[in-house]
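Which chain is which? The protein sequence lines are R and Y, in order. If you read the first sequence in full-length UniProt numbering, its first letter stands for residue 1, the second for the next number, and so on. If you read the second sequence in full-length UniProt numbering, its first letter stands for residue 1, the second for the next number, and so on. Idealized CB from N, CA, C, for every residue including glycine. Keep in mind the model is a prediction, meaning the values are calculated, not measured. Only one structure is covered here, and it is reproduced in the block below.
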Amino acid sequence: MTQTPTLDVRALRVEFPGRHGTVTALADISLTIQPGEILGVVGESGAGKSMTGLAVQGLLEPPGHVAGGEVWLNGRRIDQLSDREMEKVRGREIGAIFQDPLTSLNPLFSVGKQLVETIRLHLPLNRAEARIRAIELLAEVGIPGPDIRVDHFPHQFSGGMRQRVVIALALAARPKLIIADEPTTALDVSIQAQITSLLRRLCKDNGTAVMLVTHDMGVIAETADRVAVMYAGRLVEIGPVADVIARPSHPYTRGLMGSIPTLGARVPRLQQIDGAMPRLDAIPQGCAFNPRCPQVMPRCRIERPHLLPSGSGHSACWLNQPAQESAA
Amino acid sequence: MTTPSPIPALTVTHLSRLFNVSAPWLNRVIERKPKAYLRAVDDISFAVPSGGCLSLVGESGCGKSTVARLVTGLYAPTAGQMQFAMGKNGKPLAAQMIFQDPYASLNPRWRVFDIIAEPLRELKLRDTEADITERVGELLTTVGLAPRDGRKFPHEFSGGQRQRISIARALATEPEFLVCDEPTSALDVSVQAQILNLMRRLQDEIGLTYLFISHDMSVVRHMSDQIAVMYLGRIVEQAATEVLFANPKHPYTQLLLETIPNVTAPKRDREVQSGEVPSPMKPPSGCTFHPRCPQADARCAAERPEMQAYSDGSRVACHRVAESIAALAVPQVDERRLSA
Numbered sequence: 001m002t003q004t005p006t007l008d009v010r011a012l013r014v015e016f017p018g019r020h021g022t023v024t025a026l027a028d029i030s031l032t033i034q035p036g037e038i039l040g041v042v043g044e045s046g047a048g049k050s051m052t053g054l055a056v057q058g059l060l061e062p063p064g065h066v067a068g069g070e071v072w073l074n075g076r077r078i079d080q081l082s083d084r085e086m087e088k089v090r091g092r093e094i095g096a097i098f099q100d101p102l103t104s105l106n107p108l109f110s111v112g113k114q115l116v117e118t119i120r121l122h123l124p125l126n127r128a129e130a131r132i133r134a135i136e137l138l139a140e141v142g143i144p145g146p147d148i149r150v151d152h153f154p155h156q157f158s159g160g161m162r163q164r165v166v167i168a169l170a171l172a173a174r175p176k177l178i179i180a181d182e183p184t185t186a187l188d189v190s191i192q193a194q195i196t197s198l199l200r201r202l203c204k205d206n207g208t209a210v211m212l213v214t215h216d217m218g219v220i221a222e223t224a225d226r227v228a229v230m231y232a233g234r235l236v237e238i239g240p241v242a243d244v245i246a247r248p249s250h251p252y253t254r255g256l257m258g259s260i261p262t263l264g265a266r267v268p269r270l271q272q273i274d275g276a277m278p279r280l281d282a283i284p285q286g287c288a289f290n291p292r293c294p295q296v297m298p299r300c301r302i303e304r305p306h307l308l309p310s311g312s313g314h315s316a317c318w319l320n321q322p323a324q325e326s327a328a
Numbered sequence: 001m002t003t004p005s006p007i008p009a010l011t012v013t014h015l016s017r018l019f020n021v022s023a024p025w026l027n028r029v030i031e032r033k034p035k036a037y038l039r040a041v042d043d044i045s046f047a048v049p050s051g052g053c054l055s056l057v058g059e060s061g062c063g064k065s066t067v068a069r070l071v072t073g074l075y076a077p078t079a080g081q082m083q084f085a086m087g088k089n090g091k092p093l094a095a096q097m098i099f100q101d102p103y104a105s106l107n108p109r110w111r112v113f114d115i116i117a118e119p120l121r122e123l124k125l126r127d128t129e130a131d132i133t134e135r136v137g138e139l140l141t142t143v144g145l146a147p148r149d150g151r152k153f154p155h156e157f158s159g160g161q162r163q164r165i166s167i168a169r170a171l172a173t174e175p176e177f178l179v180c181d182e183p184t185s186a187l188d189v190s191v192q193a194q195i196l197n198l199m200r201r202l203q204d205e206i207g208l209t210y211l212f213i214s215h216d217m218s219v220v221r222h223m224s225d226q227i228a229v230m231y232l233g234r235i236v237e238q239a240a241t242e243v244l245f246a247n248p249k250h251p252y253t254q255l256l257l258e259t260i261p262n263v264t265a266p267k268r269d270r271e272v273q274s275g276e277v278p279s280p281m282k283p284p285s286g287c288t289f290h291p292r293c294p295q296a297d298a299r300c301a302a303e304r305p306e307m308q309a310y311s312d313g314s315r316v317a318c319h320r321v322a323e324s325i326a327a328l329a330v331p332q333v334d335e336r337r338l339s340a
């Protein structure tokens, strides 16, 4: 792990100033993704997982802005770049895949035209060469008959095929990092499996790093190498996917895992986390999870825990502290 | 889980629903096109055990929501019958429905109290305003909210709380049969667990019967006693939950079970299953699954398989399954699946 990570986010903080004070949407987000690695970012709606992806791409809606921390891409700091410089980074160095494949494509142009436009924007190819490249890309993402399909319009593709086209667009300039925001949520399970294995294959073949943002723990378990769990705009746990799932260390991750109905043994009652995630303008003092936590201690209500080593990963919980002290 | 009584709460026989999707009359005349029909539900039969839960599963466009709407009378069937059993008061069971989207199914201009009181007022189930207030308070308490929440508007609640309000509204008429169309698919997993637990508790306390509709196999497994798998408007396999998961017979059921992302035992290096659901406008001939089926032969493309009952209580519409079991004479349980 001595090589430069593709993405290195250090203590990222995103704020939205408003009439009633500033809302901190993301606080203290630190994560890295190595080349060829898939990092899953999981959390409930409003936990800040999509926000993390947008902040890295410099796509925050004003008045939202990065208020602290650094974003490094392949050893180059990108959070301070101007809008014009950032435009060059997006597409060429960071590819994006969004949830809904229908709204990500322009219905008025054939997929070939959209691919050629994207390819020519980023690579020095003429129209004919770009078209050949477009057909190659369609073949690479597993679209049958790419030389015919290249002239078809988005409505002539099914949902799963459209998502493949979107992936082809994201891959057009051979980016080093792909940010996939809920890429399979709008698809049926049998199609979802096709898309996740496609992502895994492309990532392995090209050494592309992927940030996979999703709410679905099952997709994470089958696709990601490491997983970052978010709650109320903060990272609560990060570690290798098998360990986080088998031995979640943060009480929130434990609750989340317990609340997923599994295909294994049937339980009469699912474990549930009572209450709901706090609104971002009303995050409690100390650990954001403390009002819902079954193992809350007095310290949790006062002091906010940072990511502390726990097992093979890290989790932001004071329960890790005593073990660490005895080890030291 | 309650033991299902011998009389099913709802019996559906040979139910079909066609939708007219023809072009306008003038276009048909000019372009010489015939009328076009979409077979959303095609000759399906099932029975929901009283006090139990039957789930309909399938991918988008398989007709499961159309069945929900047929059962609640929101659509009229094109053919076939639906028979509700007699309820406690000697009348056929009253059915109510919970919808998928808790944001769209509550009137944003009404206070929660009025939303829940509407069925009581409309059907004159309570005489005085005081009785209505008491009943609404009771319903809110049942679903885990407080009676004072009735003064609020839907936008003041989170998705999970809104789904609790729709459940309270559905329970207002004291139904014995609830049709739940994807009740948790718009919710986060931790909230989904709260709602599923609430639904199980209500089943135990009030003895509700559920017709549960979902695309999520793990939710279905948690909730149901019986599962019916739908593909392009037809039921391809129906079995008790444990039987279906231990020994899925129809190739489509096997495909569905294989593709569910599994948190506890992830299949990271699985082979990609090819193929997609064909358009229901032009369903394939014979068995509609044959273009995607790894075991299909000429007979599957020509002849539509009929539902056949097997000794473990399952019913499957597949030539291959029928042939292999007929060859063995005695139905065998697949050992490999049982141990998995």
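Query	Result
Exposure of residue 412(R), with buried meaning 16 or more beta-carbon neighbours within 10 Å	No answer is possible for residue 412(R): it lies beyond the span of chain R, which begins at 1 and ends at 328.
Contacts of His160(Y) in chain R (Cβ-Cβ under 9 Å)	A small fix is needed here, since residue 160(Y) is Gly in this sequence, not His. By Cβ distance, chain R contributes Ala276.
Which of helix, strand or coil DSSP assigns to Ala323(R)	Low per-residue confidence applies at Ala323(R): pLDDT is 47, beneath 50, and the placement is therefore not dependable enough to give any value.
Cβ-based contacts, 9 Å cut-off: residues of the segment 211-228 of chain R near chain Y	His215, Asp216, Met217, Gly218, Val219, Ile220, Ala221, Glu222, Thr223
Under 9 Å by beta carbon: chain R residues contacting His250(Y)	What His250(Y) touches in chain R: nothing, since even the nearest Cβ is about 14 Å away.
Partners in chain Y for Asp188(R), counting only beta-carbon separations shorter than 8 Å	Glu59, Ser60, His215, Val277
CB contact below 8 Å: Arg149(R) versus chain Y	no
Under 8 Å between C-beta atoms of Leu39(R) and Met211(R)	yes
Proximity test, Cβ basis, 8 Å: Ile167(R) and chain Y	no
When Pro268(R), Asp100(R), Pro35(R) are compared against Asp8(R), the one with the closest alpha-carbon	Pro35(R)
Any chain R beta carbon closer than 8 Å to Pro261(Y)	yes
Supposed close pair Ile235(Y), Pro183(Y) - CB separation, criterion 8 Å	At roughly 21 Å, the Cβ-Cβ gap does not stay under 8 Å, so Ile235(Y) and Pro183(Y) are not in contact.
Assigned exposure category for Lys91(Y) - 16 Cβ within 10 Å defines buried	exposed
Residue nearest to Ile195(Y) in terms of C-alpha spacing, selected from Val165(R), Ile260(R), Ile302(R), Leu199(R)	Ile260(R)
Below-8 Å beta-carbon distance, His222(Y) vs any chain R residue	yes
Under the three-state DSSP convention, the category Ala9(Y) falls into	strand
His155(R) in three-state terms, based on DSSP	helix
Nearest candidate by alpha-carbon position, reference Leu74(Y), set Ser55(Y), Ser60(Y), Ala322(Y), Gln96(Y)	Gln96(Y)
Residue-chain proximity (Ala282(R), chain Y), Cβ-Cβ < 8 Å	no
First and last residue of the uninterrupted alpha helix (DSSP H) at Ser311(Y)	Unbroken run through Ser311(Y): none, as it is neither H nor E.
Whole-angstrom C-beta distance between Ile97(R) and Ala224(R), which should lie under 8 Å	Not really, about 15 Å apart at Cβ, beyond 8 Å.
Near the ligand ZN: Asn290(R) beta-carbon under 7 Å from a heavy atom	The ligand content of the structure shown is nil, which means the ligand ZN is not present either.
Residues in the segment 180-202 of chain Y having any Cβ partner in chain R nearer than 8 Å	Asp188, Val189, Ser190, Val191, Gln192, Ala193, Gln194, Leu196, Asn197, Arg200
Rounded distance between the beta-carbons of Gly311(R) and Arg247(R), thought under 8 Å	6 Å
Within chain R, the residues that Leu256(Y) reaches when beta carbons sit closer than 9 Å	Val189, Ser190
Delimiting residues of the beta strand (DSSP E) encompassing Glu70(R)	65-73
Inter-stretch contact (C-beta, 8 Å, three-pair minimum) for the segment 182-202 of chain R and the segment 221-239 of chain R	yes
Ser214(Y), enclosing beta strand (DSSP E) - first and last residue	209-214
Buried or exposed (CB count within 10 angstroms, at least 16 for buried), Met230(Y)	buried
Candidates Ala23(Y), Gln192(Y), Gln83(Y): closest to His269(R) by CA position	Inspection of the sequence shows that residue 269(R) is occupied by Arg rather than by His. Ranking Ala23(Y), Gln192(Y), Gln83(Y) by Cα distance to Arg269(R) puts Gln192(Y) first.
Ile260(Y) beta carbon less than 8 Å from that of Thr241(Y)	no
Environment of Thr13(Y) [buried if 16+ CB atoms lie within 10 Å]	exposed
Every unbroken alpha helix (DSSP H) within the segment 30-104 of chain R, with a cutoff of 4 residues, ordered by chain	49-57, 83-92, 101-104
Where the alpha helix (DSSP H) containing Met217(Y) begins and where it ends	217-223
Candidates Gly69(R), Arg164(R), Lys88(R): closest to Leu115(R) by CA position	Arg164(R)
Members of the segment 28-46 of chain R that neighbour chain Y once the beta carbon cut-off is set at 7 Å	Glu44, Ser45
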